[in-house]
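Asker: After the structure tokens below, expect a handful of questions from me.
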Ligand code: ADP
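Residue numbers (the numbering used here): 14 to 407.
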């Protein structure tokens, strides 16, 4: 529930001179076409380092990248490559909702960054032909922050909340009746004079995206009728994404070069696009008009991206576990502090691919290198090193 004073209710729920009711909170629905990209690369982005000043030239180049991101992001569900099962299940729910002229059930999308959660979330309203509003869990600090989105939601429209796990408990609880019964409970006044007013909402669809389903409370999670997990992409799927992006950016690229970019993109479309652009820049700087396999390898070598697609940051994590903690176990916080990284960045962005690649395992005592991890670093694994299979999951 949310507490609002009499004065503010009167101010926000008033009527005009002709007695027509004025919509509470004059926030606009954001048309889907105005959506713009969120953060750029999965990792190691200068954009994210807000403490560094940005020169006008850098700003222009960021703007160019953002524009390219807009061009590359699929606009329709049918343009999405990979995630076939998720795609098919979502399409069934969308078509069923359209056929019955009902509002789509609430959707929760989870998975590591850069795998297409936002892309799915922005394609769904286009598919349904409904408007969309976008919020971010990190900025919804109290119920009053989410109230305008709820009161502005039109029938059948989509409210997309990225990083939904970052909403505090009070906001989560305020959402329960909004999601379930399409109403919100507002407490008017204070003390003994306080009373609760139920305010009806239009039937809307909430799409939540998260890199951390574990941080979402069970009651909130259970209110999403559709829950989908996005997994890393196969090399073939990423190669198809690279070809599609190359043709949108007018880059001529050989088949094996596209595949090499796919192999070195950590199973992540956002990285595949970023790495394609790096190889394009490298080719341009060397006056090559076609991106070839050999050129792609040179470009990756210069960037420090190895044959598994690990970048210098990934390698620093593995090296630190090997050199400072003798291969582990080491706790997440300790490792993050040693690397001068945020624990969230380590667990959400770096670790998933290292775990998936079986270079690292999680145990109750902490993170350990696997035998494959030792060998990838050119080290000899100790006799008790894990054979890639976690004994326990934490
Ligand atoms: P997330 O929200 O999971 O962090 P995004 O939806 O922002 O990831 O995806 C990052 C970029 O990767 C998008 O801008 C798009 O260009 C590309 N992308 C993601 N998923 C796909 C896909 N299935 N097919 C083609 N491109 C994709």
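Even glycine gets a Cβ: it sits at the ideal position worked out from N, Cα and C.
#1: Please say whether residue 175 and residue 13 have beta carbons closer to each other than 9 Å?
#2: Just grab the DSSP bridge partners of residue 209 for me.
#3: Counting only runs of 4+ residues fully inside the region 219 to 250, write out the alpha helix (DSSP H) ranges in chain order.
#4: Per the DSSP calculation, residue 265 is bridged to which residue(s)?
#5: Give me the Cα-Cα distance between residue 272 and residue 379, rounded to the nearest whole angstrom.
#6: Give a yes or no on contact between the region 202 to 214 and the region 229 to 239, applying the rule of three or more CB pairs nearer than 8 Å.
#7: Starting from residue 380, follow the beta strand (DSSP E) in both directions and report where the run begins and ends.
#8: Would you check if there are 3 or more beta carbon pairs closer than 8 Å linking the region 278 to 292 to the region 118 to 127?
#9: If you draw a straight line from the alpha carbon of residue 199 to that of residue 191, how long is it in whole angstroms?
#10: Would you list the one or two residues that DSSP bridges to residue 363?
#11: Going along the chain, which residues of its own chain have a beta-carbon closer than 6 Å to the beta-carbon of residue 396, five neighbours each way excluded?
#12: Out of 314, 298, 255 and 180, which has the shortest C-alpha to C-alpha gap to residue 157?
#13: Please give the ranges of any alpha helix (DSSP H) in the region 57 to 114, keeping only runs that are unbroken, at least 4 residues long and fully inside the region.
#14: Kindly confirm or deny that the region 364 to 384 and the region 315 to 335 touch, where touching means at least three C-beta pairs closer than 8 Å.
#15: What number of angstroms, rounded off, separates the C-alpha of residue 347 from the C-alpha of residue 386?
#16: Is the beta carbon of residue 293 closer than 9 Å to that of residue 264?
#17: Give the range of the alpha helix (DSSP H) segment to which residue 348 is assigned.
#18: Quick check: the Cα distance between residue 359 and residue 148, rounded to an integer number of angstroms?
#19: Using a Cβ-Cβ cutoff of less than 7 Å, which residues in the same chain neighbour residue 322 once the five nearest sequence positions on both sides are dropped?
#20: Can you check whether the CB of residue 159 is closer than 9 Å to the CB of residue 188?
Answerer: Quick look at the numbers:
#1: Nothing in the structure corresponds to residue 13, since the chain is present only between 14 and 407.
#2: As a working mapping, residue 209 is identified with position 196 in the chain shown. DSSP lists 200 as the bridge partner or partners of residue 209.
#3: 231 to 235
#4: Counting from one through the chain shown, the residue named residue 265 turns up at place 252. Residue 265 is bridged to 303.
#5: Within the chain shown, residue 272 is the residue found at index 259, counting from 1. Within the chain shown, residue 379 is the residue found at index 366, counting from 1. About 35 Å.
#6: Taking a cut-off of 8 Å for Cβ pairs, the region 202 to 214 and the region 229 to 239 do not touch, as fewer than three such pairs fall below it.
#7: As a working note, residue 380 is residue 367 in the chain shown. For residue 380, the enclosing beta strand (DSSP E) stretches over residues 379 to 382.
#8: yes
#9: In the chain shown, counting from the first residue as 1, residue 199 sits at position 186. In the chain shown, counting from the first residue as 1, residue 191 sits at position 178. Straight-line Cα distance between these residues: approximately 12 Å.
#10: Stepping through the chain shown from its first residue, residue 363 is reached at position 350. For residue 363, no pairing in a beta bridge is given by DSSP.
#11: For the purposes of this step, residue 396 is taken as the residue at position 383 of the chain shown. Within the same chain, residue 396 has no close Cβ partners at all.
#12: Residue numbering aside, residue 157 sits at position 144 when the chain shown is read from its first letter. Per the Cα distances, 180.
#13: As far as the region 57 to 114 is concerned, its whole alpha helix (DSSP H) runs of at least 4 residues are 69 to 85 and 97 to 113.
#14: Counting C-beta pairs closer than 8 Å gives three or more between the region 364 to 384 and the region 315 to 335, which meets the contact rule.
#15: Here residue 347 refers to the residue found at position 334 when the chain shown is read from its first residue. Here residue 386 refers to the residue found at position 373 when the chain shown is read from its first residue. Going from the Cα of residue 347 to the Cα of residue 386 covers about 19 Å.
#16: For this step, residue 264 is matched to residue 251 along the chain shown. For this step, residue 293 is matched to residue 280 along the chain shown. Contact: yes.
#17: Position 335 of the chain shown, counted from the start, is the residue given in the question as residue 348. Residue 348 -> alpha helix (DSSP H) spans 345 to 352.
#18: Walking along the chain shown from the start, residue 359 turns up at place 346. Walking along the chain shown from the start, residue 148 turns up at place 135. Taking the straight line from one Cα to the other gives about 24 Å.
#19: Here residue 322 refers to the residue found at position 309 of the chain shown. Same-chain partners within the cutoff: 276, 277, 278 and 279.
#20: Here the question's residue 188 lines up with position 175 in the chain shown. Here the question's residue 159 lines up with position 146 in the chain shown. Taking a C-beta distance under 9 Å as the contact criterion, residue 188 and residue 159 qualify as a contact pair.
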